[in-house]
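Student: Counting in my numbering, the sequence shown runs from 12 upward without gaps. For each residue, glycine too, the CB sits at the ideal point set by N, CA and C.
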Amino acid sequence: LPHELKHLAIVESALNPKARSRSGAKGLWQFMYRTGQIYDLEATSYIDDRFDPYKSTVAACEYLGYLYGLYDNWELALAAYNSGPGRVNSAIRRSGGKRNYWELWKFLPKETRGYIPAFIAVNYIMEYASEHNIYPTPPKYFDYETDTVGISNKVRFEQISAVIGVPVDEISYLNPTYKTGLIPGIAGESYVLTLPTNKIGDFINNEQTIYNYREPIEEDSTLAEQKPSEITKESLV
12 LPHELKHLAI
22 VESALNPKAR
32 SRSGAKGLWQ
42 FMYRTGQIYD
52 LEATSYIDDR
62 FDPYKSTVAA
72 CEYLGYLYGL
82 YDNWELALAA
92 YNSGPGRVNS
102 AIRRSGGKRN
112 YWELWKFLPK
122 ETRGYIPAFI
132 AVNYIMEYAS
142 EHNIYPTPPK
152 YFDYETDTVG
162 ISNKVRFEQI
172 SAVIGVPVDE
182 ISYLNPTYKT
192 GLIPGIAGES
202 YVLTLPTNKI
212 GDFINNEQTI
222 YNYREPIEED
232 STLAEQKPSE
242 ITKESLV
């Protein structure tokens, strides 16, 4: 695929892997549920592969390749990515068979009319950012600073955090696929946890402790301050 297509994710989601649209599209590449299913992006109560940067990018590449095969034209392929091939085909018919995006422009949905110009603008900005004094913000983690481990049991982010000391919000940031902060550990399914590289050894060495960890029950401070004789039925209500 053309190298420039990587910038399409900026147009789609501003590079937010947990982006959601009003129409129900999700993730870096804004896949709808049914399109995601076609490209093996699973969505359940616990996980949504549309939020997975790697899996969704693979799916987007496959889908864009398919759309290019339909039109042999990248502008039409991108228009179809935005609005669906049905609307692009309809625009082609209404235009009398024209297959040039700019000639089809007035027959396309309003959002799609601005989609290709936005893509061109983003490519320009990314290519010439420094000449306009625009500079990147360093990410929380570079790719080489993270690694993955396989998960075989049901476990919550809070359990992992309590044992190995990685804040829950950091675990959530590195694992956007898990919708509720829970890795379900369903038998027969494989799950992957991403952690800072320097915490991988801690996880492996304490894996069973993590699975068995339970949050300590905090004693009610009001009751703790009272003497046993002072605890009445009314104080417990």
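With distances taken from CA atoms, which of L87, P128, L52, N84 is nearest V22?
Tutor: Considering only alpha carbons, the answer is P128.
Student: Whose C-alpha, out of R98, E169, I162, is nearest the C-alpha of K121?
Tutor: Ranking the options by Cα distance to K121, first place goes to R98.
Student: Do you know how far the Cα of G192 is from the Cα of R167?
Tutor: The straight-line gap from Cα to Cα measures roughly 6 Å.
Student: Would DSSP call T123 helix, strand or coil?
Tutor: Correct three-state label for T123: helix.
Student: Since G47 and A70 are thought to touch, with beta carbons under 8 Å apart, how far apart are those beta carbons, to the nearest angstrom?
Tutor: Indeed they touch by this definition, with Cβ atoms about 7 Å apart.
Student: Below 8 Å CB to CB, which residues in the same chain sit around P96 once its five sequence neighbours on both sides are set aside?
Tutor: So the qualifying residues of the chain are L78, L81.
Student: If you measure from the beta carbon of I175 to each beta carbon in chain C, is any gap under 8 Å?
Tutor: No chain C appears in this structure, which consists of one protein chain only.
Student: If you draw a straight line from the C-alpha of K17 to the C-alpha of Q219, how long is it?
Tutor: Rounded to whole angstroms, K17 to Q219 spans 40 Å at the Cα level.
Student: By DSSP, does Y135 sit in helix, in strand, or in coil?
Tutor: Looking at Y135 - three-state DSSP - the assignment turns out to be helix.
Student: At what residues does the alpha helix (DSSP H) containing D213 begin and finish?
Tutor: Where D213 is concerned, the enclosing alpha helix (DSSP H) stretches over 208–216.
Student: Output the distance between the C-alpha atoms of N93 and I103, rounded to the nearest integer angstrom.
Tutor: Taking the straight line joining both Cα atoms gives about 16 Å.
Student: For the candidate residues D213, P13, K117, whose alpha-carbon lies nearest to that of V174?
Tutor: V174 has its Cα closest to that of D213, out of D213, P13, K117.
Student: Would you identify the three-state DSSP class for A36, choosing helix, strand or coil?
Tutor: Here A36 sits in coil by DSSP.
Student: Could you please give the first and the last residue of the uninterrupted beta strand (DSSP E) stretch that includes I162?
Tutor: Unbroken beta strand (DSSP E) run through I162: 157–162.
Student: Tell me whether I228 is buried or exposed, calling it buried when 16 or more other Cβ atoms sit within 10 Å of its Cβ.
Tutor: Any reading at I228 must be qualified, since the residue scores a pLDDT of 47, below 50, and its modelled position is unreliable; the value itself is stated next. Exposed: under 16 other Cβ atoms inside 10 Å.
Student: Provide the residue span of the alpha helix (DSSP H) that contains Y184, from first to last.
Tutor: From DSSP, the alpha helix (DSSP H) with Y184 extends over 179–185.
Student: Considering only the alpha carbon of each residue, which of E86, A132, M43 lies closest to E114?
Tutor: That would be E86, whose Cα lies nearest to the Cα of E114.
Student: Since Y152 and P64 should fall inside the 8 Å C-beta cutoff, what is the C-beta to C-beta distance between them, to a whole number of angstroms?
Tutor: No, Y152 and P64 are not in contact; Cβ-Cβ is about 12 Å, not under 8 Å.
Student: Under 8 Å, do I58 and T188 count as touching if we go by C-beta distance?
Tutor: For I58 and T188, yes; Cβs fall inside 8 Å.
Student: Report back the beta-carbon spacing between Y202 and I171 to the nearest angstrom; my notes put them in contact at under 8 Å.
Tutor: Y202 to I171, Cβ: 13 Å. No contact.
Student: Identify every residue that forms a DSSP beta bridge with R31.
Tutor: Looking at the DSSP assignment, R31 forms a beta bridge with K37.
Student: If you check the beta carbons only, do R124 and W116 fall under 8 Å apart?
Tutor: Taking 8 Å as the Cβ cut-off, R124 and W116 qualify as a contacting pair.
Student: Going by beta-carbon coordinates alone, are P28 and F62 separated by less than 8 Å?
Tutor: In this structure, F62 lies closer than 8 Å to P28 by Cβ.
Student: Once the 5 residues before and after G76 are set aside, which same chain residues still bring their CB inside 8 Å of it?
Tutor: Closer than 8 Å at Cβ, skipping near neighbours: L12.
Student: What number of angstroms, rounded off, separates the C-alpha of E142 from the C-alpha of I136?
Tutor: Each residue's alpha carbon lies about 9 Å from the other.
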